[in-house]
Amino acid sequence: MNDNVVVVEDLVKYFDGRCVLDGINLKVPRGCIYGLLGRNGSGKTTIIRILLGLEPPTRGRTFLLDAESTELSAKLHGRIGYVAEGHNLIQNYRVGRLIRLCKDLSLQWNDEFFNHLIETFRLPADRRVKELSIGMRAQLNLALAMAIDPELLIFDDPTLGLDTVARRQFLELAIDLIQQQGRTILFCSHILSDVERIADKIGILAAGKLVVDCPLEKLKERVKKLQIIFPESAPTNLNLTEIINQQIQGREMVITAANWNKQKQTVLETFRPSSCNEIPMSLEDIFIECTKPITGSIES
Amino acid sequence: MFALIKREVRDHIVYFIGAAAFSAVFIIMAISILHNYDLRRQPPAFSIVLGIPALTIVIFGICAMGSTQMYLDKTRKISALLSTLATSRNRILLARVITGILAILTLLVPLIITAVILMRFFTLLIPFPMFDGVVFDISLTVFLMAFACYCIGLQSGWNSNPLTPSLGALCLTCILLPLIIVKGFGLHIVVILVLFIVASLIRTWHTFMTTSL
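Sequences listed follow chains Y and V, in order.
In this text, residue positions in the first sequence follow our numbering: the first is 60, and each later residue adds one.
In this text, residue positions in the second sequence follow our numbering: the first is 7, and each later residue adds one.
Below, the structure is given as structure tokens:
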């Protein structure tokens with residue numbers, strides 16, 4: 060059995076001649092919580108849809124639970140919980156009927172846990188799905204995905220539309236799931252504080268490429284934002300590779316660099332800066348820097 | 007699979023009710039016409055009077071059912087949800103086709119049973135020449151015609167451009183009608199219909215399996 064639950068190999072996807080994914084390689088090990096980040100339209104949802112076999116790739120291969128996505132069997136689907144962006148539920152069904160359908164089409168169904176979730180979220184079984192608020196639809200989708208006791212959970216912006224309390228409830232549920240060994244979660248979100256709270260590993264998509272793919276702690280170690288003051292005007296080029304962002308104002312230069320190491324520090328010192336201070340960065344800062352047009356690549 | 011078929015039947019119950027109602031009305035009309043006609047003086051022209059409009063309604067109804075099933079799936083993204091549950095696209099399509107067959111049988115089985123009973127009854131009163139397998143041949147042909155129309159419906163419901171399947175249906179009608187008029191019901195019609203159904207189902211299956219959900 061492979062240790063990687065999700066494998067993406069050289070994935071390329073074009074939509075109407077426009078390249079959305081350009082040679083993505085990605086591996087999510089068993090038990091890992093992988094936070095996949097990217098701006099709107101960066102291809103996060105497309106990767107997930109290709110992984111689940113909902114969208115054909117232009118080139119490349121993807122695997123879920125050791126099976127190729129295009130050949131996922133019903134049994135394998137039964138081991139995967141999925142919360143789609145926009146909560147793709149059958150709108151004209153009543154909640155009760157949708158629950159029964161999902162239950163009938165599941166391999167296993169944790170009634171106790173599901174009923175607990177339904178009570179927590181206060182979801183009405185007699186209303187039609189289209190009559191629910193976006194937040195309630197998100198909660199219903201979450202409950203349905205969790206009820207099957209999935210080995211792999213794929214969340215595509217699961218907290219979109221949830222209020223603060225519901226979002227906190229969801230995160231606590233996710234943490235509960237993490238504590239159950241062997242669960243793997245692939246998690247896309249725009250709320251970076253959520254991702255920062257639960258993710259072990261981070262991937263950042265920008266311009267169709269995976270510019271970051273490493274553990275969260277390592278990412279924070281490797282991406283450095285430095286404020287450098289030079290005795291005279293700052294040089295325009297430091298001859299350093301993997302500079303993510305660079306701003307010059309007179310004697311001051313602020314650079315964001317990927318894979319910062321001693322060699323790069325030595326190169327920087329040849330320019331004899333007066334001072335060099337590190338500016339602390341949150342995941343949000345790193346994300347903003349990484350998704351600007353020119354980026355380096357940070358891989359584990 | 008049973009859950010998928012149950013879902014399809016429930017979602018398209020109107021077609022099953024329609025089929026049963028149509029069947030009942032047709033049976034009542036057939037019995038009433040047979041009862042009032044003097045079969046010794048007039049030939050059984052009621053079969054033409056009733057048959058042509060009835061067949062038209064059946065063809066449009068069954069075609070509409072296939073088309074609705076696929077169109078609603080596409081617009082409501084039903085398969086997009088179902089295929090993330092413990093099932094597969096193959097099973098979703100198979101359940102849909104089985105539902106279509108069930109609807110056709112709901113329509114045809116009562117009609118066939120009535121036809122057999124009526125023919126037995128009237129041939130006892132007025133013996134007119136008839137070969138043994140006439141009911142079977144007509145029933146099989148009508149079933150296959152209805153199923154072929156259903157397949158056209160499946161294709162046109164999923165396609166953004168329904169022109170191609172509609173032209174296919176028109177071509178099929180142009181071939182079948184002269185054949186039935188000239189040669190009557192029989193093996194040649196059955197072979198053409200089976201070939202058309204197989205081709206149509208393969209096309210639908212290929213489109214459904216490879217398209218984005």
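Just so it is clear, CB atoms sit at the ideal spot from N, CA and C, and this is done for glycine as well.
Status (buried if at least 16 other CB within 10 Å, exposed otherwise) for residue i
| i | result |
| --- | --- |
| residue 243(Y) | buried |
| residue 158(Y) | buried |
| residue 342(Y) | buried |
| residue 106(V) | buried |
| residue 189(V) | exposed |
| residue 83(Y) | buried |
| residue 337(Y) | exposed |
| residue 188(Y) | buried |
| residue 216(V) | exposed |
| residue 334(Y) | exposed |
| residue 348(Y) | buried |
| residue 180(V) | exposed |
| residue 206(V) | buried |
| residue 85(V) | buried |
| residue 126(V) | exposed |
Separation of residue j from residue i, as counted between CA atoms
| i | j | result |
| --- | --- | --- |
| residue 195(Y) | residue 76(V) | 28 Å |
| residue 281(Y) | residue 91(V) | 40 Å |
| residue 144(V) | residue 156(V) | 18 Å |
| residue 302(Y) | residue 283(Y) | 10 Å |
| residue 24(V) | residue 37(V) | 20 Å |
| residue 62(V) | residue 184(Y) | 42 Å |
| residue 149(V) | residue 69(V) | 13 Å |
| residue 253(Y) | residue 114(V) | 59 Å |
| residue 110(V) | residue 151(Y) | 26 Å |
| residue 213(V) | residue 129(Y) | 14 Å |
| residue 322(Y) | residue 308(Y) | 25 Å |
| residue 318(Y) | residue 272(Y) | 12 Å |
| residue 79(V) | residue 209(V) | 17 Å |
| residue 265(Y) | residue 97(Y) | 6 Å |
| residue 44(Y) | residue 256(Y) | Coverage of chain Y is limited to positions 60 through 359, which leaves residue 44(Y) absent and any answer about it impossible. |
| residue 300(Y) | residue 109(Y) | 33 Å |
| residue 180(Y) | residue 198(Y) | 7 Å |
| residue 147(V) | residue 200(V) | 10 Å |
| residue 31(V) | residue 66(Y) | 59 Å |
| residue 177(V) | residue 145(Y) | 43 Å |
| residue 164(V) | residue 216(Y) | 29 Å |
| residue 81(V) | residue 314(Y) | 49 Å |
| residue 173(Y) | residue 203(Y) | 7 Å |
| residue 10(V) | residue 128(V) | 43 Å |
| residue 64(V) | residue 153(V) | 10 Å |
| residue 58(V) | residue 195(V) | 18 Å |
| residue 206(Y) | residue 168(Y) | 6 Å |
| residue 286(Y) | residue 296(Y) | 15 Å |
| residue 147(Y) | residue 111(Y) | 14 Å |
| residue 42(V) | residue 22(V) | 30 Å |
| residue 139(Y) | residue 151(V) | 41 Å |
| residue 186(Y) | residue 182(V) | 49 Å |
| residue 177(Y) | residue 231(Y) | 15 Å |
Candidates the options: closest to residue i by CA position
| i | options | result |
| --- | --- | --- |
| residue 290(Y) | 282(Y), 310(Y), 306(Y) | 310(Y) |
| residue 117(V) | 9(V), 199(V), 27(V) | 27(V) |
| residue 120(V) | 79(V), 65(V), 142(V) | 142(V) |
| residue 149(Y) | 88(V), 123(V), 102(V) | 88(V) |
| residue 89(Y) | 64(Y), 71(Y), 331(Y) | 64(Y) |
| residue 158(V) | 197(V), 181(V), 203(V), 140(V) | 203(V) |
| residue 316(Y) | 351(Y), 331(Y), 292(Y) | 351(Y) |
| residue 74(Y) | 111(Y), 94(Y), 85(Y), 115(Y) | 115(Y) |
| residue 95(Y) | 328(Y), 344(Y), 332(Y), 270(Y) | 270(Y) |
| residue 7(V) | 346(Y), 92(Y), 138(Y), 163(Y) | 163(Y) |
| residue 261(Y) | 298(Y), 312(Y), 92(Y) | 92(Y) |
| residue 160(V) | 192(V), 211(V), 218(V) | 211(V) |
| residue 60(V) | 100(V), 95(V), 29(V) | 29(V) |
| residue 218(V) | 72(Y), 68(Y), 209(Y) | 72(Y) |
| residue 193(V) | 139(V), 162(V), 206(V) | 139(V) |
| residue 345(Y) | 279(Y), 214(Y), 324(Y), 326(Y) | 279(Y) |
| residue 258(Y) | 228(Y), 69(Y), 274(Y) | 274(Y) |
Q. Do the segment 92–106 of chain Y and the segment 242–249 of chain Y touch if we need at least three Cβ pairs shorter than 8 Å?
A. yes
Q.
I want to know whether the segment 124–136 of chain Y touches the segment 71–81 of chain Y - three or more CB-CB distances under 8 Å.
A. no
Q: Pick out the complete alpha helix (DSSP H) segments inside the segment 82–161 of chain Y, 4 residues or longer, and give them in chain order.
A: 103–110, 133–136
Q | Complete alpha helix (DSSP H) runs within the segment 234–278 of chain Y (minimum length 4 residues, chain order) | A | 251–257
Q | Touch test, the segment 116–125 of chain Y against the segment 186–195 of chain Y, Cβ-Cβ under 8 Å, three pairs minimum | A | no
Q) Could you give the uninterrupted runs of the alpha helix (DSSP H) lying entirely in the segment 167–225 of chain Y, keeping only those of 4 residues or more? A) 170–180, 193–206
Q) In chain order, which continuous runs of the alpha helix (DSSP H) of length 4 or greater are located wholly inside the segment 69–125 of chain V? A) 84–88
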